[in-house]
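Read the structure below first, then the notes.
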Amino acid sequence: MGFPKEMVVRSIKEIGHSDAEALLELLLTYKALGDDDDAVGNHSTSGCNPPIVEGNDDLDFENWNDDDDTGGRVSSSDDSGYEEFLREMSDKDEKINSLRDMGFSEDEANMAITICGVDADLSVLVDSISASQVTEVCHSRNLSDHQVTARCFDSFGGRKRARLIEESKKKRKRYGGGAQGKRPSSDGSDEESMPLPKPMVGFNLPAARKRGYIHNLPTENRSPLLPLPPKTIFEAFPHYKKWWPSWDQRTHLNCLQTCMAPATVTERIQQKLSSSGNPPPQSVQKYVRHECSKWNLVWVGKDKAAPLEPHEMEYLLGFPKDHTRGVGKTQRYKSLGNSFQVDTVAYHLSVLRGMFPNGVRVLSLFTGIGGGEVALHKLGIHMRVVVSVEIGEANRQILRSWWDQTQTGTLIEIADVKSLKDDEIATYVRRFGGFDLVIGGSPCNNLAGSNRHHRDGLEGEHSSLFYDYFRILNSVKSAMANINYCVAGKRSNPWRKF
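Following UniProt numbering, the numbering of the sequence shown begins with 1 at its first residue and continues without gaps.
What follows is the structure, encoded as C-alpha cells:
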C-alpha cells in the first residue's frame with residue numbers, strides 16, 4: 001500500500017498485528033498527520049489526540065534517581081559492562097515472556113519493566129501492571145470527581161494483589177478477552193469511555209515523561225502554547241547533528257532523569273568507538289545505542305557522547321532560561337527530572353483562560369520547581385494567590401525567585417504536606433474565598449527507579465504521600481461546601497473547581 005517501513009514497524013509496536021483493520025486505520029492516521037518522517041509513533045502537535053509514549057527498540061531505559069548507587073552499576077572493565085548489557089537484555093526478554101504467559105500484553109510488560117526496572121521481581125511487575133489497570137478502570141467508569149477519588153483511594157489503599165489481578169482480568173475480558181483486545185470507542189457511544197492512555201509525552205516533544213495526567217478539567221476548547229515547542233532532538237539542538245553518527249537513528253530522547261550519567265559510561269563509549277572501525281561492529285553499535293538511550297546522551301564530538309546540561313533540560317521541559325540556576329548542578333538535575341512538562345500541562349490548563357478572567361486561586365501540592373505555575377503564567381492566567389506545599393528547600397528557593405520576578409499575586413509556602421491539617425485548609429478557604437484549582441503530583445520514588453531496595457509501593461516512605469493528596473483534596477471540598485455564595489440573590493454551588 002506504499003506505507004514506509006518505519007511507519008509500519010512503529011504501528012505494529014503500538015497496537016500489535018492481530019487487528020488488521022485497526023492497524024490500517026493507525027497507518028492512515030499517521031499518513032494524514034504527516035508523521036512518517038521523524039516523529040512516527042507520536043500524535044499531532046495540535047493536541048487533538050492524547051499523546052502517548054512512543055515505543056523504540058533502542059529505548060530500553062530505567063528511571064534512575066539520586067538514591068541509586070550509579071557508580072556501582074558501572075564496571076571498570078569494558079568487557080564486564082558489555083556482558084552486563086547483554087544480561088539485562090536477556091533478563092528483560094525472559095520476564096516479558098513470563099508476563100505474556102500470565103495473560104498480560106507485551107506493551108503492559110514493557111511498561112512495567114520500564115517503570116520498575118529490569119531487575120524487579122516478577123511479583124513486583126505484576127503489581128505494577130495490575131495497579132495501572134485498576135487506575136484505568138476507575139477512569140473508564142466516568143464517575144464524578146468525588147466517586148473517582150474514593151474508588152481509587154480504596155483500590156490502592158486496601159485491596160490486595162489478588163483483587164487487583166481479578167479486576168484486571170475483568171477489564172481484559174470486557175475489551176475482547178485477549179492481550180490485544182479492542183478498547184471501547186472514544187466517541188461516547190460506549191457506556192464505558194476509553195481508559196487512560198499510556199503515560200503522555202506531550203506533543204511530539206524531544207523527551208518523554210512516564211507520568212500521565214489525571215484531571216477533571218473540561219476537554220473542549222483546549223489549545224497548545226504558541227509557538228509550538230521543537231519536535232525532535234535536532235530541532236531543539238541543531239548543532240549536535242554535526243557529530244551524530246548515522247547508525248544512531250534516535251530522533252527523540254527518553255524520560256529526563258534525576259541524575260547524570262557517570263563519567264565511566266561516557267569514557268567506555270569513547271574507548272569502544274575509538275578501538276573500532278568506521279562504522280563500528282553491530283555489537284558495539286547496539287551497546288552504545290543502549291547506553292545513549294538509557295542516559296539521554298547526545299553527541300558533542302567525534303566518538304564523544306555527553307549528558308544533557310541543565311539549561312538544555314529546562315528548554316526541553318518548557319521552563320524559562322536559567323529557571324533553576326542558583327542551586328547546585330546535582331540539585332538542578334534532580335529538580336528538573338521530577339518536574340512537569342510545561343507545554344503538556346499548559347495544554348490541559350488552557351481551558352481555564354476564559355473561565356477565570358479575574359485570575360485563579362491555586363492550591364499547589366508537591367509544587368517542585370513550579371511547572372504548573374509556569375504553565376499558568378505562559379497561558380496568561382493571573383494567579384491571585386498560590387498556596388504552595390513543597391518540602392524541598394532548593395525547589396522553594398527556585399519557585400520564590402521566579403515568582404518575585406514575574407508575579408504580583410500572593411505566594412504562601414508550606415514546607416511539609418503532612419503539616420497541612422484540615423483546620424488550616426479551612427482557614428485558607430475562608431481567607432481567600434476558596435480555591436479554583438488544586439494541582440500537583442505526589443512522589444513516585446517507591447514505585448519506580450532502578451534501586452529495588454526502595455521500591456516499597458504506595459506504602460513506601462515517599463510514595464505514601466499519595467494518600468495526603470486525596471486527604472487534602474477532600475478537606476478542600478468539605479471546606480468549600482461550607483461557603484455560601486450569592487449570585488443574583490440565589491445560592492450557587494461553590495464547588496465547581498478543578
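The beta-carbon is built from N, C-alpha and C at its ideal position, and this holds for glycine as well.
Item	Value
Taking the alpha-carbon positions, what's the W295 to M260 distance?	7 Å
How would you label M102, buried or exposed, when you count the other beta carbons within 10 angstroms and need 16 or more for buried?	exposed
Tell me whether the beta-carbon of W247 lies closer than 8 Å to the beta-carbon of V300.	no
Check for me: the alpha helix (DSSP H) holding K378 runs from which residue to which?	371–378
By Cβ distance below 6 Å, which residues in the same chain neighbour R384 in space, the five residues on each side in sequence not counted?	G359, R361, G409
Taking its Cβ as the centre, do 16 or more other Cβ atoms sit within 10 Å of I214, making it buried, or is it exposed?	exposed
Curious, which full-length beta strand (DSSP E) runs of at least 3 residues does the segment 302–366 contain?	304–307, 360–365
Please confirm whether P229 and D343 have their CB atoms less than 8 Å apart.	yes
Per DSSP, W299 forms a beta bridge with which residues?	A305
Should T251 and T264 be called a contact, given that it needs their Cβ atoms to be closer than 8 Å?	no
Could you tell me the alpha carbon to alpha carbon distance between V327 and A394, rounded to whole angstroms?	7 Å
Return helix, strand or coil for L59, following the three-state DSSP convention.	Residue placement at L59 cannot be trusted, given a pLDDT of 33 that sits under 50; what the coordinates show is reported in the next sentence. In this structure, L59 counts as coil in the three-state DSSP scheme.
Given this structure, state the Cα-to-Cα distance separating Q282 from Q270, to the nearest angstrom.	16 Å
Tell me the DSSP bridge mates of M383?	V360
With DSSP run on the structure shown, which of helix, strand or coil describes I96?	helix
Considering only residues of the same chain and omitting the five flanking positions on each side of A112, which have a CB-CB separation below 6 Å?	L125, S128, I129
Check whether the Cβ atoms of L349 and A375 sit closer than 8 Å, and answer yes or no.	yes
Quick one, which of T367, N482, A481, I439 has its alpha-carbon nearest F470's?	I439
Could you give the DSSP three-state label for I414: helix, strand or coil?	strand
Rank S105, F104, A109 by C-alpha distance to the C-alpha of D91 and give the top, closest one.	A109
A481 to M355, Cα distance in whole Å?	20 Å
Express the C-alpha separation of W403 and E106 in angstroms, rounding to a whole number.	45 Å
State the DSSP-derived secondary structure class of L437, mapped to helix, strand or coil.	strand
Within 10 angstroms of its Cβ, does L122 collect 16 or more other Cβ (buried), or is it exposed?	exposed
Quick check on DSSP: helix, strand or coil for V118?	coil
N254: buried (16+ other C-beta within 10 angstroms of its C-beta) or exposed?	buried
Helix, strand or coil for S478, going by three-state DSSP, please let me know.	helix
With 16 other CB atoms within 10 Å as the buried threshold, where does D436 fall?	buried
Does DSSP classify D190 as helix, strand or coil?	Note that D190 scores 40 on pLDDT, short of 50, meaning its location in the model is unreliable; the coordinates nonetheless yield the value given after this. Here D190 sits in coil by DSSP.
In the structure shown, what three-state DSSP assignment does S275 receive?	coil
Quick check: the Cα distance between L420 and P280, rounded to an integer number of angstroms?	57 Å
Return the residue from the list A346, S223, V429 that minimises the CA-CA distance to K378.	A346
What is the C-beta distance between L205 and Q341, in whole angstroms, given that I count them as a contact (C-beta under 8 Å)?	7 Å
From H43 to R430, what does the alpha carbon distance come to, in whole angstroms?	Low per-residue confidence applies at H43: pLDDT is 34, beneath 50, and the placement is therefore not dependable enough to give any value.
Based on the DSSP secondary-structure assignment, which residues constitute the bridge partners of S388?	S364, E413
Output yes or no for whether 8 Å exceeds the beta carbon distance between S339 and D422.	no
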